[in-house]
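Same order as they appear, the protein sequences are chains X and P.
Residue numbering for the first sequence follows the numbering used here, beginning at 325 and increasing consecutively.
Residue numbering for the second sequence follows the numbering used here, beginning at 56 and increasing consecutively.
Worksheet: the structure to be examined is printed underneath.
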Amino acid sequence: MSGIQKIKAQLNLFLIELGDLSYFTGRFFKESIKRPFEIKELLRQCFNMGNRSLLLVGITCFIIGLVLDLQTRPTLMEFGAVSWMPSMVSISIVREIGPIITALVCAGRIGSGIGAELGSMRVTEQIDAMEVSGTNPFKYLVVTRVLAVTLMLPLLVIIGDAIALFGSFLVENIKGNVSFTLYFNQVFDSIAYGDIIPATIKSVFFGLAIGIVGCFKGYYCAKGTEGVGKAANSAVVVSSLLLFIIDFIAVFVTDIFYDL
Amino acid sequence: MKENKTISNSNIVLQIKDLHKSFGNNHVLKGFNMQLFQGENLVIMGKSGSGKSVMIKCLVGLIEADSGSISVMHKDITKLTQEALDILRADIGFLFQGSALYDSMTVRENLEFPLRRHKNKFKSNANTDDLVIEALSNVGLAHTVDLMPSELSGGMKRRVALARTLILKPKIILYDEPTSGLDPITAKEIIILMQDIQKKYNTSSLIITHDVDCARVISDRMLLLIDGIDYAVGTFNELSTSEDPKIKAFFKH
């Protein structure tokens, strides 16, 4: 096979996968508004995803807050602008760093988990068993998981932002003797709804992307343990890539609104 | 000794006519035909990759056939709506090869799962707990109700899966290699259990197996799936004494 033929075949496979993913997404929206609603399973998934990701998100965001402050402080000091630190850190965290870091952590923690879980259910015929018992497995497994991650991610982002800001405050408190009240007064003075709302909307799309990709990879997992591994791995790779694409689009769209 | 069962066309509970199924260029089923009668145990044997599992999955609508008709309890499942198919599935039990227990749920939750959709099949005062315990008692595992599937042995998993199949009191049970992966003693226990269940509930069973001993003990009739078609049908004795080399190959030890 020549180089061009190989590229053509790869492109063909990519387009087929893209088409399947689009169909899967469409089916998710269609099934999510149809009865019966699997409320109990949805709540169980929300608890699993939210509660069990909290520690990882918390630690990551805390360290990001500390590091961001430590790395930026010397430069701001050079310009005598260290008093701007809370404003700068809060805007960076709320607008960009908080949502993208939390989403990347969740893509690794939740996306791979969904891919591996559904993949293993597919391989061991549990999804078939569910269908034979008269339960729609797409509704029970996919809709609940995608909705759970879509609902939980914005909450995790808000908590992660708060923890990152607390990390930054600790550095300011130790190195600059800034009080809690002063630091957070400055933070709240500099953050506007225009920072919080686009970031929250962006987080919803991040959650949707992680859920859809994780479920898609797991639901259509190839047979065998190798297939499960590949499903988990590609769930993380594809959703992480998708997060940056969504982030770029979100920033682009937000920028248009800022200009208006 | 096996009882003589009345076999007539009016007793057909499951019928496949001219079933075709391909995966790309691989033509797996090439005009497969089969009939299952009320109260009968029909064993289907075939080489690995001959399309036995594909055929059984076509029977419950897990795989869509390319052409042909599949009639279950006189209803053509290829023409049913999803809703009607789900209702019909309550009358068809399916024991999967690897048990397919939901490993994030306890044994109790596994058995309750089919009742979520089909509870209306029972009297309104039917208690879920009673149904679960009854099904587990049938397979001698009532004490495992609160265990997780990972805490069960292979044989126990297979029996719990059978209990899950039985909870809806199906009229037809499809067994996909019920003794594969089990030691000979446990395999024998499963075969005895299948016979007990058949006697107790008068179910019709379609059993896919590679196990000649299982086929000899349990089958009323046997069907050999060779080259994508129903190559030979008959009793175990008829087929095991056949001179056809393709048939003989199945009974060599």
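From the three backbone atoms N, C-alpha and C, an ideal C-beta is built for every residue, glycine too.
Please read all numbers here as calculations on a predicted model, not as lab measurements.
Subject >> C-alpha gap between L279(P) and F306(P), whole angstroms >> reply: Cα to Cα, L279(P) sits roughly 11 Å from F306(P).
**OP:** May I ask you to list the residues that DSSP assigns as paired with I281(X)?
**Re:** Residue 281(X) is absent from the model: chain X starts at 325 and stops at 584.
**OP:** Could you tell me which residues DSSP puts in a beta bridge with L261(P)?
**Re:** L97(P) and L229(P)
Subject >> Alpha-carbon spacing of I515(X) relative to M412(X), whole angstroms >> reply: Between I515(X) and M412(X), the C-alpha separation is close to 10 Å.
Subject >> Chain-ordered chain X contacts of F78(P) [CB-CB under 8 Å] >> reply: Within chain X, no residue comes near F78(P); the closest Cβ sits about 12 Å away, beyond 8 Å.
**OP:** Take the Cβ of M476(X) as the centre, count every other Cβ of all protein chains shown within 10 Å, and call the residue buried at 16 or more, exposed below.
**Re:** By the neighbour-count rule (16 or more Cβ atoms within 10 Å), M476(X) is buried.
**OP:** Count the CB pairs spanning the region 403 to 412 of chain X and the region 373 to 384 of chain X that are closer than 8 Å, and state whether there are at least three.
**Re:** no
Original post:
Since Y230(P) meets chain X, which of its residues come closer than 8 Å, beta carbon to beta carbon?
Top reply: Residues of chain X passing the Cβ test: none, with the nearest at roughly 13 Å.
**OP:** Please list the residues of the region 195 to 227 of chain P that have a C-beta atom closer than 7 Å to any C-beta atom in chain X, keeping them in chain order.
**Re:** none
**OP:** Could you tell me which chain P residues have their CB closer than 9 Å to the CB of T459(X), listed as they occur along the chain?
**Re:** Identification of chain P residues near T459(X) by a Cβ-Cβ cut-off of 9 Å yields D141, F168, P169, R171 and R172, ordered along the chain.
Original post:
Candidates V200(P), I284(P), G283(P) and I302(P): which alpha carbon is nearest N292(P)'s?
Top reply: I302(P)
Original post:
DSSP on Q334(X), reduced to helix/strand/coil?
Top reply: Helix at Q334(X).
Original post:
If you count every other CB in all the chains shown that lies within 10 Å of the CB of A242(P), and 16 or more means buried, which is it?
Top reply: Its Cβ being crowded by 16 or more others within 10 Å, A242(P) is buried.
Original post:
Cα-Cα, which of F78(P), I281(P) and Y256(P) is closest to K224(P)?
Top reply: Each of F78(P), I281(P) and Y256(P) was checked against the Cα of K224(P), and the nearest Cα belongs to Y256(P).
Original post:
Does the distance from the CB of G116(P) to the CB of I132(P) come in under 7 Å?
Top reply: yes
Subject >> CB contact below 7 Å: A333(X) versus chain P >> reply: no
**OP:** Put L38(P) into one of helix, strand or coil per three-state DSSP.
**Re:** In this structure chain P extends from 56 to 308, so residue 38(P) is not present and cannot be described.
Original post:
Under a Cβ-count criterion, where at least 16 other Cβ atoms within 10 Å of its own Cβ denotes burial, should F512(X) be classed as buried or exposed?
Top reply: Label assigned to F512(X): exposed.
**OP:** Determine the closest residue to D598(X) out of A556(X), G382(X) and S503(X), with distance taken between C-alpha atoms.
**Re:** No statement about residue 598(X) is possible, as the shown extent of chain X runs from 325 to 584 and does not include it.
**OP:** Under the assumption that F92(P) contacts N66(P) (Cβ atoms under 8 Å), give the Cβ distance between them as a whole number of angstroms.
**Re:** Yes, they are in contact, since the Cβ atoms of F92(P) and N66(P) sit about 5 Å apart, within 8 Å.
Original post:
Under a CB-based cut-off of 7 Å, is K449(X) close to chain P?
Top reply: Reading off the sequence shown, one finds Glu at residue 449(X), where the question assumed Lys. By this cut-off, E449(X) is an interface position.
Subject >> Within chain X, the residues that Y286(P) reaches when beta carbons sit closer than 7 Å >> reply: The CB of Y286(P) never comes closer than 7 Å to any CB in chain X; the least such distance is about 27 Å.
Original post:
Which residue from V288(P), E95(P) and E298(P) puts its Cα closest to that of G101(P)?
Top reply: V288(P)
Subject >> Whether I536(X) touches V473(X) by CB criterion (7 Å) >> reply: no
Original post:
Using DSSP with H/G/I as helix, E/B as strand and the rest coil, what is Y157(P)?
Top reply: coil
Original post:
Hey, how far is the Cα of A546(X) from the Cα of V466(X)?
Top reply: Distance between the alpha carbons of A546(X) and V466(X) is about 17 Å.
Subject >> Other residues of its chain near P478(X): CB distance less than 8 Å, five sequence neighbours each side excluded >> reply: T524, S527, V528 and G531
**OP:** Taking A496(X) and P410(X) to be in contact with their CB atoms under 8 Å, please state how far apart those CB atoms are, rounded to whole angstroms.
**Re:** At residue 496(X) the sequence reads Glu, which differs from the Ala that was named. About 7 Å separates the two Cβ atoms, so the contact holds.
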